[in-house]
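Counting with the UniProt record's numbering, you get residues 1 to 311 for the letters of the sequence shown.
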Amino acid sequence: MEPRSGEKRKYDYRQGPYSKKPRYDNKPHHQKNGNGVSRQATHVVTLPDPLPQLPPISEELTKSTFTHKSQAPNDVSKSYDRLEWLGDAYIEVASTRLIFARYKNLPTGRSCDVREMLVKNETLSQYSLAYGFDKRININPSSKPTDGTSLIKLHGDIFEAYVGAIIQSDPIKGFEIAEDWLAALWEPLLKDVQGEAPNMVWKDELRRKIGSKGVKLNYVDERPAIIGRGIETYFIGVYLTGLGYDNQHLGSGQALNKKEAGMQAAAAALSNHPLIDELIVKKAKLDEERQAERDKEALNGDAQEINIQEA
């Protein structure tokens, strides 16, 4: 979320402690309708079906949860401002705990990528819309967003405020309730996340087992990447030309980036039995034939040298 006056901007510390890269997505997300008025651009996030039941919040907090600060300029306790700040922190903690517990072998950098996917404004704003929070906001007409980016932020802020209200409504079990609810909402986004880091030697292993002179392994995009659905997914296939085959499909992989998708494709190829076993045998036979040819040439060369010496 963009910083308010007096607050520090959040940075992506994956890039180092002095990084200036903001952790939120501030690219334009608005389009113009027929009347020239900006509206929120479509950002599709896969939602659970059915939606998990909305946890209740106390009657005391309900009004402030949906009240924009423009309607309570002189009393922060009467707007969602403080609840949003609280909810933001708890959402960060809940997502971190979920990823840490669920993906025990996921590298830290990739874990940060997954967390960003879960907590960014574009994701949270869709949850607000799904539960109809946008229809409950009490905001001064003069403060209503006129561009898509601000509208996304407004809806994301309301969702964070609601999470903060859940926790404040039940000091004993509030966080547990919010954490379970968030985990259920995030489940569709996590289904394509690989539980372990790809083995970075799979490509080398595949090349070692079937690679030879004149044998080509081509890694290609099998279909366009899915971008803008709350997660980026790339689809890579590995194809073989050689050993009696022409552009033979060996395996496919998908992941959050091309490099890992290629590794997954190589892993799939190594598990593609009996084809991989056949190729290993062919490669060994080809290597033997070539070695025999080299030995024969070397032997002939030695014989010629002996004849020359005798002459």
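All C-beta atoms, glycine included, are put in the ideal place defined by N, C-alpha and C.
What's the C-alpha gap between residue i and residue j?
i: Asp134; j: Thr46; result: 19 Å
i: Glu289; j: Lys191; result: 47 Å
i: Glu293; j: Asn218; result: 28 Å
i: Asn138; j: Gln126; result: 19 Å
i: Lys213; j: Lys203; result: 17 Å
i: Lys153; j: Glu222; result: 35 Å
i: Asn33; j: Ser128; result: Any answer about Asn33 is weak, because its pLDDT of 41 lies below 50 and its placement is not dependable; what the coordinates show is given next. If you take the alpha carbons of Asn33 and Ser128, they lie about 22 Å apart.
i: Ala165; j: Ala101; result: 25 Å
i: Asp88; j: Ile227; result: 25 Å
i: Ala255; j: Ala72; result: 46 Å
i: Val193; j: Leu240; result: 27 Å
i: Ser271; j: Pro171; result: 51 Å
i: Gln168; j: Gly174; result: 7 Å
i: Val215; j: Ala284; result: 13 Å
i: Thr233; j: Gly262; result: 12 Å
i: Pro55; j: Glu116; result: 24 Å
i: Asp287; j: Asp277; result: 15 Å
i: Glu297; j: Gln264; result: 41 Å
i: Ile57; j: Asn74; result: 24 Å
i: Leu206; j: Arg82; result: 55 Å
i: Pro48; j: Pro188; result: 6 Å
i: Phe235; j: Ser252; result: 7 Å
i: Ala130; j: Tyr103; result: 28 Å
i: Lys27; j: Glu260; result: Confidence in Lys27 is poor, its pLDDT being 38 and thus under 50, which makes the residue's placement unreliable; the coordinate value appears in the next sentence. Distance between the alpha carbons of Lys27 and Glu260 is about 26 Å.
i: Gln53; j: Ala178; result: 11 Å
i: Pro224; j: Asp295; result: 48 Å
i: Lys258; j: Val76; result: 46 Å
i: Val220; j: Asn105; result: 27 Å
i: Asp157; j: Pro107; result: 29 Å
i: Asn140; j: Thr62; result: 18 Å
Can you name the start and end residues of the alpha helix (DSSP H) that residue i belongs to?
i: Pro188; result: 174 to 190
i: Gln264; result: 258 to 270
i: Ser111; result: 108 to 119
i: Tyr239; result: Per DSSP, Tyr239 belongs to no alpha helix (DSSP H); it is in the beta strand (DSSP E), 233 to 242.
i: Asp168; result: Note on identity: in this sequence residue 168 is Gln, with Asp being the wrong assignment. Here the alpha helix (DSSP H) through Gln168 covers 148 to 169.
i: Ala89; result: 81 to 102
i: Ser64; result: 59 to 65
i: Arg136; result: Careful: Arg136 lies outside any alpha helix (DSSP H) and carries neither H nor E.
i: Asp204; result: 202 to 210
What is the DSSP secondary structure of residue i, counted as helix, strand or coil?
i: Leu51; result: coil
i: residue 312; result: Past the edges of the chain, shown from 1 to 311, lies residue 312, and the structure says nothing about it.
i: Asn300; result: helix
i: Tyr245; result: strand
Just reading off the beta strand (DSSP E) that residue i is part of, what are its end residues?
i: Lys216; result: 216 to 226
Nearest to residue i by alpha carbon, out of the options?
i: Glu84; options: Pro55, Leu124, Leu240; result: Leu124
i: Lys79; options: Thr96, Glu60, Pro48; result: Residue identity differs from the one stated: residue 79 is Ser in this sequence, not Lys. Out of Thr96, Glu60, Pro48, Glu60 has the C-alpha closest to the C-alpha of Ser79.
i: Ile210; options: Lys296, Lys282, Leu98; result: Lys282
i: Ser142; options: Ser70, Gly132, Leu106; result: Ser70
i: Gly237; options: Leu151, Arg136, Ala268, Val119; result: Ala268
i: His273; options: His249, Glu260, Leu286, Asp287; result: His249
i: Leu118; options: Gly132, Pro107, Arg97; result: Arg97
i: Leu151; options: Val220, Asp295, Glu122, Arg136; result: Glu122
i: Tyr90; options: Arg208, Gly253, Glu176; result: Glu176
i: Gly132; options: Lys259, Lys258, Leu51; result: Leu51
i: Arg136; options: Gln291, Asp147, His155, Lys120; result: His155
Check whether the region 172 to 184 touches the region 106 to 113, counting contact only when three or more Cβ pairs, one atom from each stretch, lie closer than 8 Å.
Contact fails: fewer than three Cβ-Cβ distances are below 8 Å.
The region 64 to 75 / the region 155 to 167 touching (three or more Cβ pairs under 8 Å):
yes
When the Cβ atoms of the region 166 to 182 are set against those of the region 244 to 256, are three or more pairs found closer than 8 Å?
no
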